[in-house]
Structure formats: C-alpha cells, structure tokens
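Numbering (the numbering used here), first residue to last: 548 to 969.
Read through the structure below, which is laid out as structure tokens, and then see the notes.
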RNA sequence: GGAGAGAUGCCUGAGUGGCCGAAAGGAACGGUUUGCUAAACCGUCAUACGGGUUAAACUGUAUCGAGGGUUCGAAUCCCUCUCUCUCCGCCA
C-alpha cells in the first residue's frame, strides 16, 4: 500500500497518477489525509494523558514504600480520573487507525512515469518482438489435437479425477514438462537466483502480504478447515520469506527463484479462451522474485526483462513484449511488462510471463526493509516475473514445432528432454 | 487424534507486580592496540507512531506470541486465541 507521508507531501502528484490509472474513487485520498490528521490528534491526547498516569503511578509506588498511605490514596483518585478519559480516546484512536488502514488499502499503486496511458488491453504498447513466426505445414493442428495424437496430455482424464481445467500430463508430455522446469530453474540459478522449494499452501498473513487478500479472495482455493490458501503463484510464499524482516543493505539485491504448481479458480472466465492449455486451474510455473534497493528497482526490472527475453530466444519461440497501459495493470503494480508468445496453430498471442516492479507497494504491507549504514530502516522494492509459466509455453512449443515427421524439440532443451524429436 | 511443556531483543537465555525496553553471553558493526591467517580491550547494538528540530539533539507513548481483563502500576497475575516443541498413537 501507499505510504501516508508520501501522499501528504505529494498530494497533487498522487491524484494525477491515480487518475491516470483510471482510478475513480479519488476522494479516498482526502479521506486518508483527514483520518491521518485525526489519528495524530488522538495520539497526542492519548500519549499525554498516559504519560501523566505513568508518572503518577510511579509516585504512588514511592509513597507506598515510604508508608505514606494517605497521600498515595489521594493520587490514586487522580489516576482514576485520568483513566476515565483515556478509555474513550483509546477506542476512538483504534477506530480511526482501522478506518485509515481500510481507506489506504483501497488505493492502488501509482503507475510509473513510463507507463502508457490507456484503459484497455488494446492500448498496451508493444515494446519489441523477436523470434520468427513459423509457416506451419498443411496438416498442422492446435495443441489439444497434438496432445491426443502423441498421447501427451489427457484432458478428459483430468475431468474424471478432479474437474475441468486439471489436465493430466503423461508419457512424453510429462517428460517435456519436467524438462522445461529443470531447464528454467537451471537458467535462473545460473544467473544468480537462489532456488527455493516453498510450501504450496499459505496462511492468511502471507496471502495478505502480497496483496491476494483481500482483493482477490475469490480467485484462490481456500482450505477452510485449516484456513490455508492454495498458492496462485510462487510469488506469494517466496516474497513472504522476507516478511517482517530488516536486512542489511549489503544483502541486496535478494534474488530468488522457485518452481511451484499454481492454483487458480479463474471464477467467471468460462467459455472463451479456455480450450486445452490456454487457461487451466492448476499449472506449473517457475517464478523469479527480487528484493532490491529502492534506487535500483528499474535497473533490476530491465535485467529481469532481458532475462526472460533471453529464455524465449533460447526456446526459439516468436514473442512480443508489451508495456501494459495504466488501466490494464494490476492493482499492486507500478509497471508491468507482459510477454506473449505466438501460437501458430491457434493464430493468437498467449501470455506466458508478466514482469512487474511493485516498488514499495508490497513491501510496505509486508514490512520488508533494509538498513543502510545503521540509518533508519527503509522499505526495499519488490519485483517479480514468470520465467516461465509452463502450459502456454508447452502449447506453443508443440504447435509451432510440429512437422509431418513429428514435433521438434528446440536445441537448448534437447539435453534436458533427452531427444531432438517428439 | 491423546498427554504435557513452552512462546522474552539478530541468536542463546535471565527475569513472577513498581528500581525492566528488559541481566548475562554470543553474533554483528565501529574503534584502539598489538599483529601473520587471529587475539585483547573500548564502544555501538530493537521497532513503530507522536512532539520537537533546517537537520540533529532532545522528548512522549506503545511493543517481552496475539487479543482482552485485574491493578494506582504487568514481561511478571487471570481469561481467550494462535503457534511451536516433546512423548504416545497413526502414517509417508
């Protein structure tokens, strides 16, 4: 969430940026400032009164130990009177703090300076593209047909075991999937990311920390018996590794990677674009997360973009990089780049990675901070990106590399998969 | 699932009503000195939110798992919750 002192000092800027993001409820900004004023006033009153209580209490202790009971009794009455005032002030202070917090979490992150204007996905800006869109041979089919033809994925079996959107990978399909995971992780760790294998279920505090709660409650699977949430992305457990921690500036940047399955209810997205692997409830993803010095987050962002782009180049997939317009970015992001690969058989672009800089928006919630030269703790910046999400990569690999003789495996992947052809 | 123990600062760990924001040791950081892959000594060593200041200094409040209660006063007593550990059971 945004920081109140920043809002106070940069009110016009905040309003302008929020409007740019197409955020309607601009009155919340005034509300936040008014509540903060009230909070300060009440804090002052409470602290002053409590200070009197504390000092009187000490006196009473002294008087009692000196045997001056009557004087002590008199002081007691004075304290009682003060405390009568304290209760209501405290109640109001708590209510004000809660109202302030509730208002604050309504405000999305501010779009960074480079973010293009716009409201819809059509207004996203193509930054660059790469790779070559293949000319498929006449018998080319979409991946769901290939999956059946080569016995790689059984969608119907998933329906039986669980429900729709839970594909079963088998034979060479399962192997290819495993090869990709291994390949991605190796690529990430080679480039300085520390590998983690985190839990796939998280508690409420973690889900709140990265912003899934309260905004996206309905999108996560919820194990109500124990009140755990199935992770929608490794971002949640991995970023929370440093929740409530103060690290040394020399520890930065912190670069982490993790492979996990991801679980998403995708409520309300039935019908369109859900065929085959395009949109599923459980999928595998390798994620990268960075915690960096606030001055370095845009540098880190560029590095992550280059990192993901290089991966797509090595997989020889045609891709394009989009800078999301203000209205299409997520609630918590300051700037987001989407990576899409071209599915030649479906003739459309599929999103396979999303790389974002959250600046201090997430870390302010999670209180992830660092200390520089024994100074005051400051918030670090957090970034994350997929490198990469498996299903759509798999779909494109199958579709784009299909030939009459079989499906070709990209060179970079061959040693992991164990063959040059499916 | 059953029984028990516990939750204190970066770590270990003392503290059972006022002298405790908290002993001691360790780690870390800064320095002095000496010096060969280091030791000794000195110092620093929680956070948040206020007041104050150009900025500091200074100062108030809160925090000893979380929330509530008793009391003039609570890390210390009471209640609730959460979590952790140990043993038993079950099991990969």
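Glycine included, C-beta positions come from ideal geometry on N, C-alpha and C.
Note down the Cα distance separating residue i from residue j, rounded to an integer number of angstroms.
i, j, result
"residue 907", "residue 642", "26 Å"
"residue 891", "residue 902", "24 Å"
"residue 624", "residue 640", "25 Å"
"residue 929", "residue 782", "10 Å"
"residue 750", "residue 964", "36 Å"
"residue 866", "residue 859", "7 Å"
"residue 649", "residue 582", "11 Å"
"residue 853", "residue 968", "28 Å"
"residue 715", "residue 888", "23 Å"
"residue 950", "residue 778", "37 Å"
"residue 647", "residue 934", "37 Å"
"residue 848", "residue 591", "42 Å"
"residue 772", "residue 748", "13 Å"
"residue 589", "residue 744", "46 Å"
"residue 729", "residue 961", "12 Å"
"residue 742", "residue 735", "8 Å"
"residue 726", "residue 898", "21 Å"
"residue 739", "residue 838", "13 Å"
"residue 684", "residue 692", "15 Å"
"residue 601", "residue 644", "24 Å"
What is the residue span of the beta strand (DSSP E) that residue i lies within?
i, result
"residue 928", "928-936"
"residue 548", "Per DSSP, residue 548 belongs to no beta strand (DSSP E) and is neither H nor E."
"residue 560", "Note, residue 560: premise wrong, no beta strand (DSSP E); alpha helix (DSSP H) at 558-567."
"residue 808", "801-810"
"residue 838", "829-839"
"residue 795", "793-795"
Would you kindly report the start and end of the unbroken alpha helix (DSSP H) that includes residue i?
i, result
"residue 736", "718-737"
"residue 776", "From DSSP, residue 776 is part of no alpha helix (DSSP H) but of the beta strand (DSSP E) over 775-777."
"residue 786", "782-786"
"residue 958", "958-964"
"residue 747", "Taken as a continuous stretch (DSSP letters only), residue 747 belongs to no alpha helix (DSSP H), as it is neither H nor E."
Could you round the C-beta distance between residue i and residue j to whole angstroms and report it? I think they count as a contact, below 8 Å.
i, j, result
"residue 823", "residue 689", "7 Å"
"residue 733", "residue 913", "That belief does not hold up - the Cβ atoms of residue 733 and residue 913 are roughly 29 Å apart, past 8 Å."
"residue 580", "residue 554", "7 Å"
"residue 502", "residue 931", "Nothing can be reported for residue 502: it is not among the residues displayed for the chain, which extend from 548 to 969."
"residue 713", "residue 827", "7 Å"
"residue 959", "residue 829", "Not quite, the Cβ-Cβ distance comes to about 26 Å (not below 8 Å), so this is no contact."
Item to check | Given 8 Å, three or more beta-carbon pairs between the segment 670-678 and the segment 797-817 | outcome: no
Checklist entry - Is it true that the segment 943-951 meets the segment 688-705, where meeting means three or more beta-carbon pairs spaced less than 8 Å apart? => result yes
Item to check | Segments assigned alpha helix (DSSP H), at least 4 residues, entirely inside the segment 648-706 | outcome: Counting only runs of 4 or more, we get 690-696.
Checklist entry - Do the segment 861-875 and the segment 921-932 meet, that is, are 3 or more Cβ pairs less than 8 Å apart? => result no
Next on the checklist: Just to confirm the assignment: which complete alpha helix (DSSP H) runs, minimum length 4, are found wholly within the segment 845-921?
Outcome noted: 908-913
Checklist entry - Touching or not, the segment 649-668 and the segment 549-556, by the rule of three or more beta carbon pairs under 8 Å? => result yes
Checklist entry - At which residue ranges does the segment 573-640 contain complete alpha helix (DSSP H) runs of 4 or more residues, listed in the order of the chain? => result The segment 573-640 contains these whole alpha helix (DSSP H) runs: 574-612.
Checklist entry - Looking at C-beta atoms only, is the number of pairs between the segment 604-620 and the segment 842-851 that lie closer than 8 Å three or more? => result No, the segment 604-620 does not touch the segment 842-851.
Checklist entry - For the 8 Å Cβ check, are there 3 or more pairs between the segment 766-784 and the segment 893-902? => result With a cut-off of 8 Å, the segment 893-902 and the segment 766-784 do not count as touching, because too few Cβ pairs lie within range.
Checklist entry - Is it true that the segment 595-612 meets the segment 629-636, where meeting means three or more beta-carbon pairs spaced less than 8 Å apart? => result yes
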